[in-house]
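Student: Numbering (my numbering), first residue to last: 29 to 369. Quick reminder that beta carbons are idealized off the backbone N, C-alpha and C, glycines included.
(1) Let me make sure I understand the geometry here. Which of 354, 228, 240 has the alpha-carbon closest to that of residue 207?
(2) Please state the DSSP three-state secondary structure of residue 262.
(3) I need the DSSP call for residue 267, collapsed to helix, strand or coil.
(4) Is the stretch 345-355 touching the stretch 308-318 in the sense that three or more CB pairs, one from each, lie closer than 8 Å?
(5) Report yes or no: is there a C-beta of chain D within less than 9 Å of the C-beta of residue 291?
(6) From which residue to which residue does the beta strand (DSSP E) around residue 316 run?
(7) Sort 221, 120, 129 by Cα distance to residue 101 and report the nearest one.
(8) Helix, strand or coil: which one does DSSP assign to residue 322?
(9) In angstroms with no decimal places, state the Cα-to-Cα distance between residue 137 and residue 92.
(10) Less than 9 Å between the beta carbons of residue 67 and residue 82, yes or no?
(11) Who are the near neighbours of residue 108 in its chain, counting only those whose CB is closer than 6 Å to its CB and skipping five residues on each side?
(12) Suppose you measure from the CA of residue 104 to the CA of residue 343; what does that come to, to the nearest Å?
(13) Taking the C-alpha atoms as reference points, what is the distance between residue 174 and residue 74?
(14) Please list, in chain order, all residues of the same chain as residue 227 whose beta carbon is under 7 Å from its beta carbon, the five residues on each side excluded.
(15) What is the DSSP secondary structure of residue 300, reduced to helix, strand or coil?
(16) Return the residue from the list 63, 64, 79 that minimises the CA-CA distance to residue 70.
(17) Mapping the DSSP letters down to three states, classify residue 278 as helix, strand or coil.
(18) Please report the residue range of the alpha helix (DSSP H) in which residue 101 lies.
(19) Between residue 235 and residue 326, how many whole angstroms is the CB-CB distance? I'm expecting something under 8 Å.
(20) Which partner residues does residue 88 have in the DSSP bridge list?
(21) Rounded to whole angstroms, what's the CA-CA distance from residue 169 to residue 114? Just pull it up for me.
(22) How big is the Cα-Cα spacing for residue 176 and residue 204?
(23) Could you name the residues of the same chain whose beta carbon sits closer than 8 Å to that of residue 262, not counting the 5 residues immediately before and after it, in chain order?
(24) In its own chain, which residues sit with a C-beta less than 6 Å from the C-beta of residue 165, not counting the 5 before and 5 after it?
(25) Closest to residue 245 by CA distance: which of 142, 285, 121, 183 is it?
(26) Under a three-way DSSP split, which group does residue 222 fall into?
(27) Suppose contacts are defined by Cβ-Cβ distances below 9 Å. Is residue 289 in contact with residue 162 by that definition?
(28) Please name the residue, chosen from 178, 202, 201, that lies closest to residue 194 on a Cα-to-Cα basis.
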């Protein structure tokens with residue numbers, strides 16, 4: 029097998045793969061070459077897989093594993109226009125300009141391909157990635173998020189012990205579905221799509237895994253079929269909303285700076301005033317904001333998690349109150365829900 033790949037194209041997809049893999053040691057930092065109507069590059073973090081066609085080549089069987097670190101090192105400072113690949117019986121030869129890198133192969137792997145699936149939704153990349161970035165912003169390793177359709181709308185949903193993030197997506201839900209997936213791989217998708225940096229249509233498919241496809245790449249995300257929290261009907265309901273004070277985000281950010289990650293802050297709203305209370309050890313934080321709202325309520329939150337979510341919302345926030353929760357929402361429909369005390 030022989031192939032020649034444009035280095036500018038390869039550079040983009042190597043950075044894309046680097047973000048997909050994250051710091052996972054599942055693949056020991058390998059990327060994989062295979063053939064499917066051209067030369068295909070695959071990367072994985074163990075749960076998330078990504079495929080992209082990077083050039084033309086002669087057909088060959090199986091997959092060839094190459095350490096990403098080794099390939100990136102070989103290409104450092106390379107001024108040529110193409111990377112040439114030649115697959116021999118037991119080695120692969122990479123050459124560019126007047127440099128050559130030979131690697132012994134320990135045996136070919138079986139080629140990995142996307143799972144069978146059926147179309148369930150369409151969205152555009154930038155809106156999908158903004159929603160995924162927002163919904164997963166307060167999560168930690170081991171947490172899961174949800175993506176699916178509800179009453180004909182596409183939603184991203186993620187919950188932690190202290191808060192819920194919920195947002196609508198622009199797009200088309202072709203059939204009902206809800207899929208649960210891990211936080212870490214979701215963050216890898218966010219970073220990889222930021223590298224791609226184009227706004228294209230995404231076609232969403234569902235089988236044993238979630239498939240996210242554009243004209244340039246396919247992503248496959250592990251997880252399981254799920255259902256939305258039944259309270260989501262209440263969270264989406266429109267109620268009378270009140271404008272959040274301008275300094276609200278600044279006070280949340282300051283509380284996160286002053287308090288350790290495991291701490292919480294309580295807010296009391298009464299008599300047209302919003303009061304912040306936070307204490308940890310010898311540290312006590314208090315703040316007060318004028319708040320034009322006739323309602324009386326209290327809620328408690330993690331300032332670190334709320335700061336992460338607010339950083340991805342617009343500055344124009346409103347607040348409404350349900351029977352047992354408080355919802356903070358921006359003009360784009362991104363919402364944070366916290367339990368009322």
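Tutor: Checking against the coordinates, here is how it stands:
(1) Taking only the C-alpha atoms, the option nearest residue 207 is 240.
(2) Note: residue 262 maps to helix in three-state DSSP.
(3) coil
(4) Touching, no.
(5) Reference to chain D is not applicable here, since this structure consists of a single protein chain.
(6) 311-318
(7) 129
(8) coil
(9) Roughly 7 Å separates the two Cα atoms.
(10) yes
(11) 124, 125, listed in sequence order.
(12) 42 Å
(13) 19 Å
(14) Correct list, in chain order: 152, 153, 154.
(15) Looking at residue 300 - three-state DSSP - the assignment turns out to be coil, as it is neither helix nor strand.
(16) 79
(17) If DSSP states are grouped into helix, strand and coil, residue 278 belongs with the helices.
(18) 96-103
(19) About 45 Å separates the two Cβ atoms, so there is no contact after all.
(20) None; residue 88 has no bridge partner.
(21) 40 Å
(22) Taking the straight line joining both Cα atoms gives about 7 Å.
(23) 350, 351, 353
(24) 336, 337, 340
(25) 142
(26) helix
(27) Taking 9 Å as the cut-off, the beta carbon of residue 289 is found no closer than this to the beta carbon of residue 162.
(28) 178
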